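All remarks here apply to the structure that follows.
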DNA sequence: AATTAGCACTGACAGTCCAAGAGTGCTAAA
DNA sequence: TTTAGCACTCTTGGACTGTCAGTGCTAATT
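Chains as they are written, first to last, in the working numbering: chain A, 1 to 365; chain B, 1001 to 1365.
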């Protein structure tokens, strides 16, 4: 019988660790006898039983029912992650596999993220996600226009974060090269570099003047700019290996699984979750630590990807509470390391494709 | 006892239809008694039993076990879809709901497709997909460059199908406006309008010459062009409402569900499936009619979206064999109708944003 | 000849009971 | 403080049961 709040003894820690690791490996409640036999713990099962009872009293373990072994509680996992975790030493095979998969292509950030997500899912056997946070205070740095034909041109917008978006625009009037160039000029003069709250009525009036014959474009263009700044692009997220969820019996409850898949598809909750956790400097969200209800029985482990001190993305893993935290954290480290490298050390070639996407458009005016 | 191959009698058709529709509604095997009581069929249960036995002999019905009712076989569904299907009359409420959801935004094709997918999933209660076929024989019609700073510029490629893709490119040499313009010129002169097999060694030599100091860009640029032409964009697919699968008990087998989710994520199989079915002028693929193994117990119903006689996309639904084909087909019709309208009758504004996406890129050289 | 009532039969399903097994808490001894 | 031992608890799986839905077949009816 221990005093409450007394720190855990060495042996208690050892037992807690053993219980958690066994449970992570097997998914089943672990009993005192099992520990004696499989983990070399130098005490009898009776002693272990006593200690486990104490650990339960302290809230680190739980018992599904009287005659079952113990499973870790959320607090148990939390303590484990914060204190007990040993760094997982990746096998050379694992390292090789990752290298193999990731060297393939030095692509764009989006592509890198989705590839990283694939790799992560494949290596960890959990569902992996990659997210790209929206950039809220972006501003259009430059406009560019490309004339397609008499009635259509492409508007290219480059944001301060160097995001690029292009739109095909159709107008009813005749368009010559000059008027198309004029549109770009006008936009660059009036809108470029301004935040949305700086785009005031007088600015718009001037823009209208500069557009000359194309005055009627003001509102539609403004709409595009607005859409771009408040990008649909923000909070992009990518899920890989959803089917992995079904590998774990904890997701055999249809009702729950259904909801989880729903949230994974919806993306909002997860993106929010990650950005909040990141604020708290935390990389591991265990069960109900998140306030997303359907994540109650799941853990989320992620690692942000930074560039110039700014978070430009994250790779993560979603799985049951009994996630192999050590291994996942190690794998995430190497995977995100690869990406950071790609971003920083351009390939041997002189040319480094940035991230892009493409757009297809066909419509008449 | 009927002759083999004799066409089905009126009554047999009626019974088959009743069985299928009951099964679609309830998911349970339907028995003779049930039909007498709930569907007004003017025969005794014994007669119906005899007819059902005959229908089973002909391969339209199956019996899960001796003392269960009958369920439709794949052939049964096929016959139903081809012959027995009555047009589903949508309720005004349904029509309104769709209108409501789809009027919201006249956006880009990609966005429209994904919205349509959402609407379809919400209305049908099945998992919905939208696909955009790749454009295999696309060619780069025009190149455009935008200088960012001394070491970086953006390359904009516009394909013959008016797809637009932009890439940020970093080089080690100093870049002035002129050399950036030169790059575009060179590309336009040498590469634009050519299929890949027309880009031969002499062409590349000339390109090198024209690039002047930037000769070393040839290969990297070529790589980009190649990537663009064989676009990662091709075969884009979008899945909405995966969680709906779990609404149907036929997907309670974990193993199977896992595989199905896997294929939905992988996308390739489905895209292939749709494009093949479309060749056969078919909109309904029932179970093992597809050669995708995991689709054995699922049906796929879709409807292509055409523009100027070319298929530019498709919306579809994936669900259990006992899908409500009539309703799904009707809903798909209206949803795709909406999209076609959007493509053809531009909004009241003068400006029609085409489809686009955006790219973000930050890297140093 | 076609239909139907009636009946024996079949197989799934849900419930009950039981024995086995795993693991515990507690007591008393080391 | 640790441990051996034992009684106790609870789950799990198997065997057995009765019920029930639905059938196929036969004989009677139209």
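We put the CB at the ideal spot given by N, CA and C, even for glycine.
It should be emphasised that the depicted structure is a prediction, and the values quoted were computed from it without experimental measurement.
Would you call the CB atoms of residue i and residue j closer than 8 angstroms?
i	j	result
residue 1274 of chain B	residue 1337 of chain B	no
residue 1241 of chain B	residue 1128 of chain B	yes
residue 285 of chain A	residue 277 of chain A	yes
residue 269 of chain A	residue 301 of chain A	no
residue 1311 of chain B	residue 1305 of chain B	yes
residue 159 of chain A	residue 139 of chain A	yes
residue 112 of chain A	residue 339 of chain A	yes
residue 123 of chain A	residue 102 of chain A	no
residue 383 of chain A	residue 328 of chain A	The question about residue 383 of chain A has no answer here: the residues shown for chain A are numbered 1 through 365.
residue 287 of chain A	residue 321 of chain A	yes
residue 213 of chain A	residue 179 of chain A	yes
residue 1245 of chain B	residue 1260 of chain B	yes
residue 229 of chain A	residue 185 of chain A	no
residue 1143 of chain B	residue 1175 of chain B	no
residue 1237 of chain B	residue 1267 of chain B	yes
residue 1265 of chain B	residue 149 of chain A	no
residue 1252 of chain B	residue 254 of chain A	yes
residue 330 of chain A	residue 87 of chain A	yes
residue 1183 of chain B	residue 1217 of chain B	yes
residue 1210 of chain B	residue 1227 of chain B	no
For residue i, I'd like the list of residues in its chain whose CB is within less than 7 angstroms of its CB, leaving aside the five on either flank, ordered along the chain.
i	result
residue 359 of chain A	Legend: pLDDT at residue 359 of chain A = 41, less than 50; position of this residue unreliable, no value from coordinates given.
residue 13 of chain A	84
residue 181 of chain A	145
residue 2 of chain A	Only weak support is given to the placement of residue 2 of chain A: the predicted model assigns it a pLDDT of 40, under 50, and the value that follows is read from those uncertain coordinates. If we look at residue 2 of chain A and ignore the five residues flanking it on each side, its Cβ neighbours are 54.
residue 1193 of chain B	1139 and 1141
residue 1121 of chain B	1127, 1128, 1240, 1241 and 1244
Starting from the C-beta of residue i, find all residues in its chain whose C-beta is less than 8 angstroms away, skip the five residues before and the five after it, and write them out in chain order.
i	result
residue 363 of chain A	In this prediction, residue 363 of chain A scores a pLDDT of 37, lower than 50, which makes its location untrustworthy; no coordinate-derived value is stated.
residue 15 of chain A	35, 41, 48, 51, 52 and 55
residue 1289 of chain B	1074 and 1078
residue 1081 of chain B	1284, 1286 and 1325
residue 323 of chain A	24, 126, 299, 301 and 317
residue 1095 of chain B	1334
So residue i contacts chain A; which residues on that side make the cut at Cβ distance below 8 angstroms?
i	result
residue 1210 of chain B	By Cβ distance, chain A contributes nothing, its closest Cβ being about 17 angstroms from residue 1210 of chain B, past 8 angstroms.
residue 1301 of chain B	Per Cβ cutoff of 8 angstroms: no residues; residue 1301 of chain B is ~21 angstroms from chain A at best.
residue 1254 of chain B	246 and 252
Mind pulling the chain A residues with CB within less than 9 angstroms of residue i?
i	result
residue 1265 of chain B	239, 240, 241, 242 and 243
How would you write the range of the alpha helix (DSSP H) that residue i sits in, first residue to last?
i	result
residue 202 of chain A	201–211
residue 95 of chain A	92–103
residue 1258 of chain B	1254–1266
residue 337 of chain A	325–344
residue 50 of chain A	45–57
residue 220 of chain A	218–229
residue 19 of chain A	10–26
residue 1033 of chain B	1032–1038
residue 75 of chain A	74–79
Listing by chain order, which chain A residues have their CB less than 7 angstroms from the CB of residue i?
i	result
residue 1257 of chain B	246
residue 1261 of chain B	242 and 243
Apart from the five residues just before and just after residue i, which ones in its own chain have a Cβ nearer than 6 angstroms to its Cβ?
i	result
residue 1258 of chain B	none
residue 1062 of chain B	1071 and 1073
residue 8 of chain A	none
residue 155 of chain A	145, 167 and 169
residue 1248 of chain B	1320
residue 1032 of chain B	1045, 1048 and 1049
residue 206 of chain A	190
residue 22 of chain A	30
residue 1028 of chain B	none
What are the start and end residues of the beta strand (DSSP E) that includes residue i?
i	result
residue 1304 of chain B	1298–1307
residue 1238 of chain B	1236–1240
residue 1318 of chain B	1310–1320
Taking C-beta pairs closer than 9 angstroms, name the residues in chain B that residue i reaches, listed in chain order.
i	result
residue 179 of chain A	Ordered by position in chain B, no residue passes the 9 angstroms Cβ test against residue 179 of chain A, which lies about 14 angstroms from the chain.
For residue i, which residues in chain B fall below 8 angstroms Cβ to Cβ?
i	result
residue 158 of chain A	1146, 1148 and 1154
ask   = Going along the chain, which unbroken runs of the alpha helix (DSSP H) with 4 or more residues stay wholly within the segment 1113–1193 of chain B?
value = Fully enclosed alpha helix (DSSP H) runs of 4 or longer: 1177–1190.
task = List in chain order: all unbroken alpha helix (DSSP H) runs of 4+ residues lying wholly within the segment 1270–1301 of chain B.
result = Runs found: none.
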